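Only one structure is covered here, and it is reproduced in the block below.
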Amino acid sequence: MNALHRQRLNRLEQALKEKNLTQMIICDPLSIWYLTGVSVEPGERLFVLYVRTDGTLCMVVNRLFTVEDQDIPLVWITDTDDGIGILAQQVDKTAAMGIDKKWPARFLLALISKNPDVSYVNASECVDGLRAVKDSEELEKMRISSAINDRCMEAAAAYIKEGMTEKECAAYINNLYREAGCQGPSFTTIVSFGANAADPHHRPDDTVLKEGDCIVIDMGCIKDRYCSDMTRTYFCKTADSQYTAIHDLVREANEKAEAMIRPGVRFCDIDRTAREHIEAGGYGPNFTHRLGHMIGLEDHDPGDVSASNTDIVREGMIFSIEPGVYLPGRFGVRVEDLVIVTADGCEILNHVDKHWKVIG
Numbered sequence: 001m002n003a004l005h006r007q008r009l010n011r012l013e014q015a016l017k018e019k020n021l022t023q024m025i026i027c028d029p030l031s032i033w034y035l036t037g038v039s040v041e042p043g044e045r046l047f048v049l050y051v052r053t054d055g056t057l058c059m060v061v062n063r064l065f066t067v068e069d070q071d072i073p074l075v076w077i078t079d080t081d082d083g084i085g086i087l088a089q090q091v092d093k094t095a096a097m098g099i100d101k102k103w104p105a106r107f108l109l110a111l112i113s114k115n116p117d118v119s120y121v122n123a124s125e126c127v128d129g130l131r132a133v134k135d136s137e138e139l140e141k142m143r144i145s146s147a148i149n150d151r152c153m154e155a156a157a158a159y160i161k162e163g164m165t166e167k168e169c170a171a172y173i174n175n176l177y178r179e180a181g182c183q184g185p186s187f188t189t190i191v192s193f194g195a196n197a198a199d200p201h202h203r204p205d206d207t208v209l210k211e212g213d214c215i216v217i218d219m220g221c222i223k224d225r226y227c228s229d230m231t232r233t234y235f236c237k238t239a240d241s242q243y244t245a246i247h248d249l250v251r252e253a254n255e256k257a258e259a260m261i262r263p264g265v266r267f268c269d270i271d272r273t274a275r276e277h278i279e280a281g282g283y284g285p286n287f288t289h290r291l292g293h294m295i296g297l298e299d300h301d302p303g304d305v306s307a308s309n310t311d312i313v314r315e316g317m318i319f320s321i322e323p324g325v326y327l328p329g330r331f332g333v334r335v336e337d338l339v340i341v342t343a344d345g346c347e348i349l350n351h352v353d354k355h356w357k358v359i360g
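Counting in this note's numbering, the sequence shown runs from 1 upward without gaps.
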């Protein structure tokens with residue numbers, strides 16, 4: 001384990017202490033990699049990191065997987081072992097147990113039955129809080145991932161032509177990511193033409209692009225484990241003046257929200273700034289989702305920019321700002337950037353022009 005991972009584990013132990021917990025079971029493979037550098041994709045098998053605030057650690061891992069020697073004790077199990085019974089022998093049976101929210105019930109219920117006198121607490125926020133604030137190495141990886149995404153967005157906008165299908169355009173984007181050395185898209189690439197754009201999570205189909213259609217492209221890649229995400233909205237050959245006005249309204253909402261980001265501001269107030277601008281333009285009911293989400297090792301890391309999130313922004317956080325307006329059966333527009341919170345504002349990671357543009 002290197003110094004960075006030791007530092008992260010120390011911070012986790014402190015976070016547990018602040019919740020009056022002395023132990024935690026972590027199952028999310030991404031969080032385990034973040035804390036230890038060990039990468040395993042366990043599928044349905046038991047794989048956990050056990051952490052105690054006195055510095056005790058162990059990792060329960062199936063012999064099916066290859067894990068290099070660690071200075072973390074490895075507790076090996078096989079498919080025929082009672083893995084939960086073995087784990088139950090490692091933990092403190094006299095203290096409350098912090099649990100990862102992603103741990104399957106089949107494991108948790110089995111552990112409860114073996115150690116019934118222990119209380120179990122959702123302690124995911126202890127790890128989520130660490131992952132939300134990126135260190136300098138993570139920030140640089142996020143910049144690189146977003147720079148690739150910028151280049152691919154510009155290439156996609158230049159490639160798309162009238163007569164193409166959404167599936168063809170999405171396949172082109174995914175191929176760009178492969179050529180750029182990415183692990184792949186960070187989510188299913190969204191390409192939506194015309195009325196399909198009114199569905200924020202439309203999956204590309206065989207719809208053919210025609211003149212006058214709006215074109216929503218929501219795309220992101222994974223590079224060196226870190227995700228990017230951005231959305232731009234274009235028009236094919238001609239643009240309806242009502243729709244370009246709505247695009248301007250959404251872009252302005254995006255810019256107003258980004259202008260107020262700084263440490264200490266509440267997430268709900270950032271959301272409100274964008275929402276009020278769209279409401280003032282007469283399209284409040286058509287902005288149907290939260291303003292943004294956290295991002296890092298996952299495209300949607302825990303945490304969001306929403307009306308219900310009263311937490312404050314902290315330096316080093318990265319999240320999306322993506323207002324949208326959706327007119328069912330007719331049109332949709334979304335403008336999305338990723339931002340890094342700096343000491344006195346934010347760094348916008350995406351540099352592709354946000355103004356509406358005619359392509360195709």
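Just so you know, even glycine gets a beta-carbon here, dropped at the ideal spot from N, CA and C.
Given the structure is predicted, the values throughout are model-derived calculations rather than measurements.
Here's the rule: buried if 16 or more other CB atoms are within 10 angstroms of the residue's CB, otherwise exposed. What is residue i?
i    : result
S44  : Note on residue identity: the sequence assigns Glu, not Ser, to residue 44. E44 is exposed by the Cβ-count criterion.
H355 : exposed
G296 : buried
G194 : buried
S136 : exposed
G83  : buried
D218 : buried
V325 : buried
T22  : buried
D353 : exposed
R106 : exposed
R251 : buried
Less than 9 Å between the C-beta atoms of residue i and residue j, yes or no?
i    : j    : result
C221 : S186 : yes
P200 : V191 : no
K237 : G360 : yes
D301 : H293 : yes
L87  : V48  : yes
T189 : E322 : no
L57  : L4   : no
R131 : S39  : no
K167 : D213 : no
A253 : A274 : yes
A197 : V216 : yes
I270 : L291 : yes
K114 : K223 : no
M437 : P42  : Not covered by the structure: residue 437. The range shown for the chain is 1 to 360.
E138 : D229 : no
For the alpha helix (DSSP H) that residue i lies in, which residues bound it at each end?
i    : result
Q242 : 241-259
I108 : Sequence check: residue 108 is Leu here, not Ile. 105-114 is the extent of the alpha helix (DSSP H) around L108.
T80  : From DSSP, T80 is part of no alpha helix (DSSP H); its letter is neither H nor E.
R11  : 3-18
S31  : 29-36
Could you tell me the boundaries of the beta strand (DSSP E) in which residue i lies?
i    : result
K223 : 221-223
E347 : 346-348
L49  : 48-52
L57  : 57-62
V67  : Run containing V67: none; DSSP gives neither H nor E here.
S308 : First-last for S308: undefined, no H or E at that position.
D337 : 337-341
H300 : Element bounds for H300: n/a, residue is neither H nor E.
G292 : 292-294
L327 : 324-327
G332 : 331-334
G98  : 97-99
Using a threshold of 8 Å, is the CB atom of residue i nearer than that to any non-hydrogen atom of the ligand PLP?
i    : result
G163 : The model depicted lacks the ligand PLP and carries no ligand whatsoever.
Completely contained alpha helix (DSSP H) runs for the region 116-175, where each covers 4 or more residues: 124-132, 136-159
Segment contact flag, the region 310-322 with the region 263-270, C-beta cutoff 8 Å, min 3 pairs: yes
Length-filtered (3 minimum) beta strand (DSSP E) runs lying within the region 176-204: 190-193
Runs of alpha helix (DSSP H) wholly within the region 258-285 (minimum 4 residues, chain order): 267-280
Stretch pair the region 333-353 + the region 128-146: three plus CB contacts closer than 8 Å: yes
Three-pair Cβ contact test at 8 Å for the region 159-167 versus the region 18-28: no
At least three beta-carbon pairs within less than 8 Å, the region 324-344 to the region 63-78: no
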